[in-house]
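There are 2 protein chains.
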Amino acid sequence: MTSDPTIRTNLRSGGRAARRAARAAPLDRALRPIRPGMSGGAYSPLSQADVEKIHHAALDALERIGLADAPQSGIDYLTAAGCTLGSDGRLRFPRALVEDTLARANRSVTLFSRDGQTDLDLSGTRVHYGTAGAAVHMVDVDGRAYRESTLQDLHDAARICDALDNIHFVQRPMVARDITDSRELDLNTIYACCSGTFKHIGTSFTDASFVAPAVEMLHMIAGGEEKWRERPFVSNSNCFVVPPMKFATESCLVMEECIRHGVPVLLLSAGMAGATAPSTIAGAIVQAVAECLAGLVYVNAVSPRHPAIFGTWPFGLDLRTGAMTGGSGEQALLTAGCAQMHRFYGLPGGAAAGIADAKLPDMQAGWEQMCSNVMAGLSGLNMVYEAAGMHASLLGFCHESLILGDDLIGQALRCVRGIEVTDETLALDQIAEVCLGGSGHYLGTAQTLSRMQADHVYPTLGDRTSPKEWEEKGKPDLLHKARQRKEEILSRRSPARLPPDLDRVIRERFPIHLPS
Amino acid sequence: MTSDPTIRTNLRSGGRAARRAARAAPLDRALRPIRPGMSGGAYSPLSQADVEKIHHAALDALERIGLADAPQSGIDYLTAAGCTLGSDGRLRFPRALVEDTLARANRSVTLFSRDGQTDLDLSGTRVHYGTAGAAVHMVDVDGRAYRESTLQDLHDAARICDALDNIHFVQRPMVARDITDSRELDLNTIYACCSGTFKHIGTSFTDASFVAPAVEMLHMIAGGEEKWRERPFVSNSNCFVVPPMKFATESCLVMEECIRHGVPVLLLSAGMAGATAPSTIAGAIVQAVAECLAGLVYVNAVSPRHPAIFGTWPFGLDLRTGAMTGGSGEQALLTAGCAQMHRFYGLPGGAAAGIADAKLPDMQAGWEQMCSNVMAGLSGLNMVYEAAGMHASLLGFCHESLILGDDLIGQALRCVRGIEVTDETLALDQIAEVCLGGSGHYLGTAQTLSRMQADHVYPTLGDRTSPKEWEEKGKPDLLHKARQRKEEILSRRSPARLPPDLDRVIRERFPIHLPS
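Protein chains in written order, with our numbering: chain A, 822 to 1337; chain B, 822 to 1337.
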């Protein structure tokens, strides 16, 4: 921190104006208190013995139970790799095969941004937060209402994410309900995201045959196939299983096609604990781990070391009603437990957090989103999906909430960064100096000022005024401020995330629905 | 879990009516998914080496810097114990004295409730959440306004806390601004709490001479001095230091008087990181630990093994404005780091969490309160003070927010409970049964139903409906529901937390301001 000599000099000079200037100057990226990819892992919900029990139970499940419903191509790949196909149609995975795959799988996965500014290095316990999901509604905060989500909403979400420091990737959070043709939907989803942000994009293809044309568009955006394959900036979220323990036949074909085209894949196992997965947290994790291990073997059988994210995404269920719930403590534990399994395997991993069951960005939404987001970060989850904007247990997406989520995640990231203990931060000399004949306080000391920007995360919209100031300012409303920020972002002349010439060529080639 | 044979039988019988009855029946306390005093500790923000560095820095600070401003009685106690009084008026603490105190201090502290139902066992990493503070305002949610807090507000807060399962103790969260005489304030504060709840109460005496009359009232409530001393149900929050490294002379005299009267003490060191404590998280923890170790030596010098809580309460500061802030990630780390130091010492400890900077119970309040509350719990903090209802960086208290805090803390407690890993919860047999010729899902299995109540925490006011149901229900507003619950609690004929005869005698003896 504070190794920038100009800041240090200014602070030491003691001049108020100089200090004020130093405070106002934007911090160099390297000096910012929080960054994408900070390392978590201080929180371990499972003991080492528990981790190993889960691992062995997952291996047992793969060996004894296996997975049904693989497509013929998958059966071919997997039996060639060493799986056995039972008379019950289930592929079973010998332990040695899984262990060999684990030993050989790609551990140094980077999810690329288009401009190289926000690449995601998924090694170790580096934590990244972003959007994801397939919401079908937009939350209208002013009207307190839900309406169908559109392509324009998706594009706006991408543009908003592009402007938010703590949203590190943009996986499609909602479905453009106004595009009825599913091929056009897939093409337009990618277009709406790529035209809104340079950050890494996640999508989810509905059919294997849509991958090739979409990748053609990606080649155009990248500047050719070679450049695309060098830095693929779109990954595919593959719901390759239908829990419990069945391959999703069509989605497996999509996955194979993605692998062929150099698209990194998210191996997404989204069991619902109590419905499609065991109701216990440990059991839901066992099944998710088993399914993702099967997926990992599959990917590596198709193409060794293809970049894949271990996507154990078990969801919570309200057992009273059978409805999904994502805002509970149980959900936070499911996600954090999965993150610990990723750490155990040393594999790039992702899971869902930040989901609100609340319908609106109210106090409940705040506590729900923070609980799982901060626990995911502390447990060192590489990819925290659905981290912002998600309401109604994933059914609704909200732009204002996304903007507030940037503040929320900022504080979660500060927690991930943790406590630095060095001679300087222990501050014993400073305590002695202040107490023994010094001023008796630390306000305005060089050490305090030098920490002001590099150590502290200040909210963008969160309010820290006193009741008196708050009243003088007209009692600003949080949601109103978020809406203002949204309007400000969206009214900006959008920077050319797609240069006009390229945009024209793409529009000539593909049925783009977004107005130009 | 689910060891209640009636529940198991009902579930196994498979009858829908029986299942419904089992679901509706209130759970036996022992079967509830969350309880006061569950053990945390899965989160360790500090490495073992860091913990030891902080410990040694604190010992160094006590030996080299020491504390100024002890009252004469304190100087006498502490020099007799082995401290040295310097020519600069500072008491310095030899390492051996501190280490001896640590070896002998009381580690098995219980904070008693009046009825024995909610005693707080502060051993190990057992976690308890409750109120605390000295807010001077009440937050009027409907009017979006702050007004001065009154004795009635305090009594109402105690009654509300009494009705909330996840508020485990009731330390006075606000000051009765309508009582101007400070002796009467102290007496009425205790009365307003004791007449509202049986849970353990915390107060804070303003002057040593007020302790004796208040304890006289406590003897009356307990049924005599002997019964009081056996199960003291009120503790005193002692701001015994004025950070940095000075004793609070008057408060030390209050502390000595409390010790004489058998009142457990909270050794509260409330430095502000960047003002009265170093601005670094590690430095603020070092100073707080040093100050509380000094307090511990003091308490044990007055009365060996007197019950004392290690109250490292460093607060965050917004260094841009110099105003306190309690809703930040830095605050959550300060508190969690302190909890880890308590664990290292094996001492009963407490710190502040759950503070919102937000003025109202909005989304910001939700994320702020959850962030530090869940991290405090995961780090195994014995006493999580200020956990609910606190707004405007401790200046305002809010009854509606307190009620919502009960829901929020419920989810935090679920996280503290963690993930159970046993053969049963790993669920391998169940996965095999469901997948291999079974129903293909886990809905309604005996294992799922048996976990429904014992494993899952359901929100009281938090909303989990679908957008459709929510609309059909008239889009219920969270704050409106909280207000309704408040009115419902306060309109109940209060159970006699003070029997009428006792109440009359107390009112004859003391100037009670609360209407009878």
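Even glycine gets a Cβ: it sits at the ideal position worked out from N, Cα and C.
Exercise for the section: Can you grab the Cα-Cα spacing for the pair Gln1152 of chain B / Leu1319 of chain A, in whole Å? Expected result: 42 Å
Exercise for the section: Can you give me the Cβ contacts of Ser834 of chain B inside the same chain, cut-off strictly under 8 Å, excluding the 5 residues immediately before and after it? Expected result: Confidence is the limiting factor: at Ser834 of chain B the pLDDT is only 40, short of 50, which leaves the residue's position unreliable, though a coordinate-based value still follows. For Ser834 of chain B, where only same-chain residues beyond five positions count, there are no Cβ hits under 8 Å.
Exercise for the section: Note down the Cα distance separating Val1107 of chain B from Ser865 of chain A, rounded to an integer number of angstroms. Expected result: 25 Å
Practice task
Output the residue ranges of the beta strand (DSSP E) runs that lie fully inside the stretch 1082–1133 of chain A and measure 3 residues or longer, sorted by chain position.
Solution key: 1086–1090, 1129–1133
Exercise for the section: With DSSP collapsed to three states, give me the class of Leu1319 of chain A. Expected result: coil
Problem - Proximal residues of chain B, C-beta to C-beta of Glu1241 of chain A below 7 Å - result: Ala1103
Problem - Validate contact between the stretch 1155–1174 of chain B and the stretch 1243–1256 of chain B using beta carbons, cut 8 Å, 3 pairs - result: no
Exercise for the section: Using only alpha-carbon positions, find the residue among B:Ala1115, B:Pro1085, B:Ser1100 that is nearest to Asp881 of chain B. Expected result: B:Ala1115
Handout entry: Bounding residues of the beta strand (DSSP E) (the contiguous stretch that carries Ile1022 of chain A)
Key = 1021–1024
Practice task
Return the chain-ordered ranges of every beta strand (DSSP E) run that is complete within the stretch 1037–1087 of chain A and spans a minimum of 3 residues.
Solution key: 1055–1059
Handout entry: Nearest to Met1191 of chain A (by Cα), restricted to the options A:Gln1161, A:Leu1168, A:Ser1222, A:Asp1298
Key = A:Ser1222
Practice task
Give the interface partners of Tyr864 of chain A over in chain B, defined as CB-CB distance under 7 Å, in chain order.
Solution key: Ala863, Tyr864, Leu1199
Exercise for the section: Please go through the same chain and pick out, in chain order, the residues whose beta-carbon is closer than 7 Å to the beta-carbon of Met1041 of chain A, but skip the five residues on each side of it. Expected result: Leu1323, Val1326, Ile1327
Practice task
Using a Cβ-Cβ cut-off of 8 Å, state whether Lys1048 of chain B counts as contacting chain A.
Solution key: no
Problem - Rounded separation between Asp986 of chain B and Val1055 of chain B - CA only - result: 19 Å
Practice task
Using alpha carbons as the reference points, say which of B:Arg853, B:Arg1004, B:Asp890, B:Phe1061 lies closest to Phe1331 of chain B.
Solution key: B:Arg1004
Practice task
Measure the beta-carbon distance from Ala1197 of chain B to Ala1157 of chain B and round it to whole angstroms, keeping in mind my assumption that it falls under 8 Å.
Solution key: 6 Å
Practice task
From the DSSP output, read off the bridge partner residues of Leu1215 of chain A.
Solution key: Partner(s): none; Leu1215 of chain A has no beta bridge.
Exercise for the section: Closer than 6 Å by C-beta to Ile1080 of chain A: which residues in its own chain qualify, once you throw out the five before and the five after it? Chain order, please. Expected result: Val1123, Ser1124, His1127
Practice task
Report buried or exposed for Asp963 of chain B, applying the criterion of at least 16 other Cβ atoms within 10 angstroms of its Cβ.
Solution key: exposed
Problem - DSSP state of Glu969 of chain B mapped onto helix, strand, coil - result: strand
Practice task
Would you tell me roughly how many angstroms separate the C-alpha atoms of Gly1023 of chain B and Cys1015 of chain B, rounded to the nearest one?
Solution key: 10 Å
Practice task
For Met1273 of chain B, decide whether its Cβ has a neighbour in chain A, counting only Cβ atoms nearer than 8 Å.
Solution key: yes
Practice task
Measure from the alpha carbon of Leu1340 of chain B to the alpha carbon of each residue in B:Met1204, B:Ser1214, B:Leu1181, then state which is nearest.
Solution key: Only positions 822 to 1337 of chain B appear in this structure, which leaves residue 1340 of chain B out of reach.
Problem - Inter-residue CB distance, Thr946 of chain B and Arg1164 of chain B (contact presumed, cutoff 8 Å) - result: 6 Å
Handout entry: DSSP-derived helix/strand/coil call for Gly1171 of chain A
Key = strand
Handout entry: Beta-bridge partners of Ser860 of chain A, as assigned by DSSP
Key = A:Arg947
Exercise for the section: Taking Gly1283 of chain B as the reference, give the member of A:Ala889, A:Asp871, A:Arg980, A:Asp1139 with the closest Cα. Expected result: A:Asp1139
Practice task
State the DSSP-derived secondary structure class of Ala1197 of chain B, mapped to helix, strand or coil.
Solution key: helix
Handout entry: Collapsed DSSP secondary structure at Met1273 of chain B in the structure displayed
Key = coil
Problem - CA-to-CA distance, Gly903 of chain A to Arg916 of chain A, given in whole angstroms - result: 10 Å
Practice task
Say whether the stretch 1253–1270 of chain A touches the stretch 1089–1099 of chain B, bearing in mind that this needs 3 or more beta-carbon pairs closer than 8 Å, one atom from each stretch.
Solution key: yes
Practice task
Keeping to the same chain, check which residues put their C-beta closer than 6 Å to that of Val1205 of chain B; ignore five residues upstream and five downstream.
Solution key: Tyr950, Ala1174, Ala1197
Problem - Beta-carbon proximity check, Leu933 of chain A vs Asp940 of chain A, cutoff 8 Å - result: Here residue 933 of chain A is Phe; the residue named in the question, Leu, does not match the sequence. In this structure, Asp940 of chain A lies closer than 8 Å to Phe933 of chain A by Cβ.
Handout entry: Test item: CB-CB of Trp1188 of chain B and Gln1232 of chain A under 8 Å
Key = yes
Practice task
With 8 Å as the threshold, decide whether the Cβ of Lys874 of chain A is near any Cβ in chain B.
Solution key: yes
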